[in-house]
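K.L.:
The structure is given below, and queries will be raised subsequently.
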Amino acid sequence: MAWAEVRVIDQPTIKSELGYPGWIPVKQLEAVPQMYETAPLAFVVSQTAWLYHMDHEKCMEISFQTRLPIIDSDATWVVVQTPIGKGRLKNEDIRVVYPNECISPESGEELVQMGRQFLTLPYLWAGMSGFGFDCSGFVYQLHRAFGLTIPRDASEQALQGVEVQPEDLQPGDLLYFAYEEGAGRVHHVAMYAGNGSMIHAPKTGKSVEEVEITGTYKKEHCLSRRYWT
1 MAWAEVRVID QPTIKSELGY PGWIPVKQLE AVPQMYETAP LAFVVSQTAW
51 LYHMDHEKCM EISFQTRLPI IDSDATWVVV QTPIGKGRLK NEDIRVVYPN
101 ECISPESGEE LVQMGRQFLT LPYLWAGMSG FGFDCSGFVY QLHRAFGLTI
151 PRDASEQALQ GVEVQPEDLQ PGDLLYFAYE EGAGRVHHVA MYAGNGSMIH
201 APKTGKSVEE VEITGTYKKE HCLSRRYWT
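Oh and the sequence shown: position 80 is 80 in the UniProt record's numbering, straight run, nothing missing.
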């Protein structure tokens with residue numbers, strides 16, 4: 001199998017100035033039509049959504065954050081262009097956005113509310129989709145849904161944004177946790193959900209959950225950052 005080395009340009013990282021590095025099978029790649037840069041896009045806001053053939057038969061299940069150019073629409077459907085041809089998405093599963101549009105949230109609570117639709121979704125190491133998240137992939141994608149780009153990995157996220165003191169925490173702020181009871185290396189991130197609780201993708205074998213900040217989490221909490229303003 002032939003592989004292509006790629007960089008994900010909208011995932012900032014110290015690993016590469018061009019974006020997060022990775023590998024993709026060449027047979028899974030397709031040139032992006034120019035319409036992706038100019039046409040309004042159907043942005044999937046559901047955890048996952050079904051892409052339908054033009055005859056309304058199901059084609060494939062696609063993830064939260066998928067963006068496809070809109071060709072036509074009516075009260076129920078949008079017709080989109082995909083790498084395998086035209087398809088349909090239900091209006092209830094998408095939001096119409098424009099390339100490079102920033103939809104600033106009115107408050108961090110909007111990020112928390114969006115995150116709650118993923119409660120019980122199984123943790124997936126390196127996961128970045130409605131089929132599974134890891135801790136930093138989860139908060140990254142919640143910000144990305146509003147056009148806000150933050151670093152991909154928790155240790156790098158912890159170095160940017162606006163630092164927030166414990167008494168000033170608001171829903172949507174990011175909480176970072178470090179080994180050695182907060183004095184060591186950052187290894188986890190969660191989103192503050194208000195009232196002393198947080199929402200996060202914990203670890204392999206568990207699912208996205210909303211829990212109180214107690215026990216080990218309270219001991220390891222080392223700092224907080226805000227990106228949503």
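Even glycine gets a Cβ: it sits at the ideal position worked out from N, Cα and C.
(1) So the candidates are Asp-173, Phe-43 and Leu-111; which of them puts its Cα closest to the Cα of Leu-223?
(2) May I have the straight-line CA-CA distance separating Thr-13 from Asp-153, to the nearest angstrom?
(3) Only counting the same chain, and skipping five residues up and downstream in sequence, which positions put a Cβ closer than 7 Å to that of Glu-110?
(4) Write down the C-beta distance between Tyr-176 and Val-189 rounded to the nearest angstrom, noting that I regard them as a contact closer than 8 Å.
(5) Within its chain, find whatever has a CB closer than 7 Å to the CB of Ile-62; leave out the 5 residues flanking it on each side and keep chain order.
(6) For the structure I just gave you, are there three or more beta carbon pairs, one from the region 85-102 and one from the region 13-23, closer than 8 Å?
(7) Run through the region 174-204 for me and flag every whole beta strand (DSSP E) of 3 or more residues, listed as ranges in chain order.
(8) Thinking just about the alpha-carbon of each residue, which of Val-80, Ile-9, Cys-59 and Asp-10 is nearest to the one in Pro-33?
(9) Pop quiz: Lys-23 and Val-6 are said to be a contact at Cβ under 8 Å. What is the actual Cβ separation, rounded to whole angstroms?
(10) With DSSP collapsed to three states, give me the class of Leu-111.
(11) Please check the pair Tyr-140 and Ser-207, which I expect to be a contact at CB under 8 Å, by giving their CB distance rounded to whole angstroms.
(12) Just mark Met-198 as buried or exposed, buried being the case when its beta carbon has 16 or more other beta carbons within 10 Å.
(13) Could you round the C-beta distance between Arg-226 and Val-162 to whole angstroms and report it? I think they count as a contact, below 8 Å.
(14) Quick check on DSSP: helix, strand or coil for Asp-72?
(15) On a Cα-Cα basis, can you pick out the residue from Lys-203, Trp-77 and Met-191 that is closest to residue 230?
(16) For Ile-71, collect the residues of the same chain with a Cβ closer than 7 Å to its Cβ; drop the 5 residues on either side in sequence, then sort them by chain order.
(17) Give the secondary structure of residue 231 by DSSP, where H, G and I count as helix, E and B as strand, and everything else as coil.
(18) Which class does Cys-59 belong to by DSSP, given the choice of helix, strand or coil?
(19) Just to confirm my understanding: we take Leu-142, look at its own chain, exclude 5 residues before and 5 after, and list those with CB closer than 8 Å. What are they?
(20) Rounded C-beta distance between Gln-28 and Tyr-20? I'm assuming under 8 Å.
(21) When the Cα of Gly-127 is compared with those of His-221, Pro-202 and Glu-37, which residue comes out closest?
(22) Apart from the five residues on each side of it in sequence, which residues of its chain come closer than 6 Å, Cβ to Cβ, to Phe-146?
(23) To the nearest angstrom, how far is the alpha carbon of Trp-3 from that of Ile-84?
(24) Give the DSSP-derived three-state secondary structure of Gln-130 in the structure shown.
P.N.:
According to the structure data:
(1) Minimum Cα distance to Leu-223 is reached at Asp-173.
(2) C-alpha separation (whole angstroms): 7 Å.
(3) Cβ neighbours of Glu-110 beyond the five flanking positions: none.
(4) Between Tyr-176 and Val-189, the beta carbon gap of about 6 Å places them in contact (Cβ cut-off 8 Å).
(5) Val-44, Thr-48, Ala-49 and Leu-51, listed in sequence order.
(6) Segments in contact, no.
(7) You should have 174-178, 186-194 and 197-200.
(8) Among Val-80, Ile-9, Cys-59 and Asp-10, the Cα nearest to that of Pro-33 belongs to Val-80.
(9) The question names Lys, but residue 23 is Trp in the sequence shown. Taking 8 Å as the upper bound for CB-CB distance, Trp-23 and Val-6 are in contact here, some 7 Å apart.
(10) Three-state result, Leu-111: helix.
(11) Not quite, the Cβ-Cβ distance comes to about 18 Å (not below 8 Å), so this is no contact.
(12) Result: buried.
(13) Correct: roughly 5 Å between the Cβ atoms.
(14) Strand, per DSSP.
(15) Since the displayed the chain opens at 1 and closes at 229, residue 230 lies outside it and no answer follows.
(16) In its chain, beyond the 5 residues on either side, Val-79, Val-80, Gln-81 and Lys-86 have a beta carbon closer than 7 Å to the beta carbon of Ile-71.
(17) Because the chain is modelled from 1 through 229, residue 231 falls outside the range shown and cannot be assessed.
(18) If DSSP states are grouped into helix, strand and coil, Cys-59 belongs with the strands.
(19) These residues qualify, in order along the chain: Leu-111, Met-114, Gly-115 and Met-191.
(20) Between Gln-28 and Tyr-20 the beta-carbon gap is near 17 Å, outside 8 Å, which marks them as no contact.
(21) Nearest option by C-alpha distance: Pro-202.
(22) Answer for Phe-146: Ile-103 and Pro-105, listed in chain order.
(23) Rounded to the nearest whole angstrom, the CA to CA distance from Trp-3 to Ile-84 is 20 Å.
(24) Position check: residue 130 holds Gly in this sequence, whereas Gln was assumed. Coil.
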